[in-house]
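Chains as they are written, first to last, in our numbering: chain C, 1 to 256; chain H, 257 to 467. Ideal Cβ placement from N, Cα and C applies to all residues, glycine included. Model, not experiment: these values are computed from the prediction. A short worksheet on the structure shown next.
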Amino acid sequence: MTCLEVRELLPEMSIGVLAEPERERLGRHLQWCAGCRKEAGDLDQAAATLAFALQPAFPPEGLEERVVASVRRAAGAPVKRRRARNVAAAVVAAAIAFASLGWGAVMAGRADRFAVRAEQAEREQAVAIEQFRKVVANVIPGRDLPDNETHIGPLTPVAAGTGGGFVLQLVSPTVLDFSMVIVNGLHEPDRLPLRVQLVNREGTVLRAGQITALNGNGGAEVYHQFQTQDLAGFTKVRVVDNRGQTVLAGTVDQSS
Amino acid sequence: MTKASRKAPGGAAGVYLEGDRVSNRPEGPLLAREEQQLVEGLLAGNEDAVRALYARYARPIFTLGLRLLGSAEAAEELTQDVFLAAWRKAARFDPARGRLSTWLMTIAHNLAVDRLRRETGVTRPHLVLVEEVPEIGWVDEEEPLIERDAAIRALESLSDAEKRLLGRAYFGGLTAREIAESDGIPLGTVKTRLRTALIKVRRANQDKERP
Chain C
1 MTCLEVRELL
11 PEMSIGVLAE
21 PERERLGRHL
31 QWCAGCRKEA
41 GDLDQAAATL
51 AFALQPAFPP
61 EGLEERVVAS
71 VRRAAGAPVK
81 RRRARNVAAA
91 VVAAAIAFAS
101 LGWGAVMAGR
111 ADRFAVRAEQ
121 AEREQAVAIE
131 QFRKVVANVI
141 PGRDLPDNET
151 HIGPLTPVAA
161 GTGGGFVLQL
171 VSPTVLDFSM
181 VIVNGLHEPD
191 RLPLRVQLVN
201 REGTVLRAGQ
211 ITALNGNGGA
221 EVYHQFQTQD
231 LAGFTKVRVV
241 DNRGQTVLAG
251 TVDQSS
Chain H
257 MTKASRKAPG
267 GAAGVYLEGD
277 RVSNRPEGPL
287 LAREEQQLVE
297 GLLAGNEDAV
307 RALYARYARP
317 IFTLGLRLLG
327 SAEAAEELTQ
337 DVFLAAWRKA
347 ARFDPARGRL
357 STWLMTIAHN
367 LAVDRLRRET
377 GVTRPHLVLV
387 EEVPEIGWVD
397 EEEPLIERDA
407 AIRALESLSD
417 AEKRLLGRAY
427 FGGLTAREIA
437 ESDGIPLGTV
447 KTRLRTALIK
457 VRRANQDKER
467 P
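Below, the structure is given as structure tokens:
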């Protein structure tokens, strides 16, 4: 690219609307051309001015702690342990959060015999929470666990499918991370085995166990403990069938 | 929200105390070496450095995310992403090539626009005209916002048409070609006008150069 061509595109690059191929070509030119680099810097600063002119909004409380923790974790620096509470409190908190999610997700697409299925879902959730309690107790017997290390999210069907469920995660700087997925209302055994995958923002996929059999309600649970992997950022959860099609998907709120 | 609750713990607003004290000014432009030191601290995962950067820049980043992405949740995610992206790119930051605030806001804007384009396909970000943005005389703020004051002053150098044009591109995510087609004017004219408007802002910004 000539300097003339580059300078014609620089305003759009500074404003952030230049397509990727041209952005790359421009970037290569700027690596060696000091004149265009100076012009790019000037225009970048002018464009950033627009953002600073906005009437400020205040970030929510707690965001600073999450930013600090995520950067320190990425940099490999130890994250300070926060106020610890009994693991039972963490599980109860998860249960409360879980109850507030409702079993609507579990029942998604199954409007028939609603009351009956709702009762089943509630019973199975109670069992699942108890299982989660046991899992946590086994992982860290006698240890306190901050409740902000236990996260929960719903799983809902995709593409007009049926079923639902939820995922529980333990994301901790001090103990091994693990995830637990409970599903219900899946009635297509020919799609087994179902695999649980956790995905982060960069698209990295972690295997978190597989479901090889379903009970009479189309339910199952699977948990996976990670020996070295940090689950921070792995907030997208999906359950895929034996053809790689996503059956259920959801997001865990790790900020809670 | 009280002022105390908005301030960074430990009075970290703009003051990075790791090793040598590099700045005891809570506001105002940083020196080049202060910016460099902050970014080096970020790269190392130094908590004081991250908090100092957060205290200075989280608010404008969050604000930009809120305007472009339309929800506090998305703005929050964007803010976290920006700091992580800044950490990844920290080794490439060169204070001789531009200010830290520009570098961070460019990262924030690019991430937000990329996300919008990825998630909404051809749908454009919510359009916010620049002329709607500055509200001179806004007083619900207890801390001086030098960057914002300077930005508003710089935008006053633009005509209404130039503000609208920049707003459509920067906040609306429209390319020069899209604006040209929409308005029925030559592409070259749009590009020239964009460049002229940016240069005007740049010139008006000269008086807030880094000390």
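With a cutoff of 9 Å on beta-carbon distance, C/VAL237 and C/PRO157 are scored as not near each other. If you look at C/SER179, you'll find it in the beta strand (DSSP E) that goes 178-184. Distance check between H/GLU412 and each of H/ALA460, H/ASP304, H/ALA342 places H/ALA460 closest, using alpha-carbon atoms only. In terms of beta-carbon proximity, H/THR445 stays away from the interface with chain C, with every pair separated by 9 Å or more. Between H/ARG353 and chain C, the shortest Cβ-Cβ separation is below 9 Å. Exclusion of the five residues before and after H/LEU356 leaves GLU291 as the residues of its chain whose Cβ lies within less than 6 Å of its Cβ. DSSP, reduced to helix, strand and coil, places C/LEU198 within a strand of the structure shown. Within the region 427-438 of chain H, the residues whose Cβ lies closer than 7 Å to any Cβ of chain C are, in chain order, GLY429, LEU430, THR431, ALA432. Per DSSP, the continuous beta strand (DSSP E) segment holding C/GLU221 begins and ends at 220-225. A Cβ of chain C is located within less than 9 Å of the beta carbon of H/ALA410.
Note that the region 417-435 of chain H touches the region 45-59 of chain C; at least 3 beta-carbon pairs, one per stretch, sit closer than 8 Å.
Nearest neighbour of C/LEU63 by Cα position, chosen from H/LEU286, H/GLN336, H/ARG451, turns out to be H/GLN336.
Three or more Cβ pairs closer than 8 Å define a contact, and the region 307-319 of chain H meets that threshold against the region 329-347 of chain H. Nearest Cα to C/LEU170 within the set C/VAL252, C/TRP32, C/ARG195, C/MET1: C/VAL252. The beta-carbon of H/GLY301 is placed less than 9 Å from the nearest beta-carbon of chain C. When CB distances to chain H are screened at a threshold of 8 Å, the residues of the region 201-234 of chain C falling below it are ARG201, in chain order. The three-state reading of DSSP puts C/PHE166 in strand, counting E and B together. Shown in chain order are the members of the region 6-19 of chain C whose Cβ falls below 7 Å from a Cβ of chain H: GLU8, PRO11, GLU12, SER14, ILE15, GLY16, VAL17.
Ranked by Cα distance from C/ALA19, the first of H/ILE455, H/LEU340, H/THR448, H/ALA432 is H/ALA432. Below the 8 Å Cβ cutoff, chain H contributes GLN336, PHE339, LEU340 as neighbours of C/SER70, in chain order.
Closest in alpha carbon position to C/PHE226, among C/ILE182, C/LEU186, C/SER172, is C/SER172.
Your pair C/GLY250 and C/PRO154 checks out as a contact, with CB atoms roughly 5 Å apart and the cut at 8 Å.
Taking a C-beta distance under 9 Å as the contact criterion, H/ALA406 and C/THR150 do not qualify as a contact pair. When Cβ-Cβ separations below 9 Å define contact, H/SER357 makes contact with chain C.
DSSP places C/PRO157 in the strand class (E or B) of the three-state scheme. Scanning chain C for C-beta atoms nearer than 8 Å to the C-beta of H/TYR310 yields GLU64, VAL67, VAL68, reported in chain order.
At least 9 Å separates the CB of H/ALA288 from every CB of chain C. Within 10 angstroms of the beta-carbon of C/HIS187 lie fewer than 16 other beta-carbons, which makes it exposed. In the DSSP assignment, C/ILE211 falls within the beta strand (DSSP E) that extends over 205-211. When the beta-carbon positions are compared, H/LEU309 and H/LEU298 come within less than 9 Å of each other.
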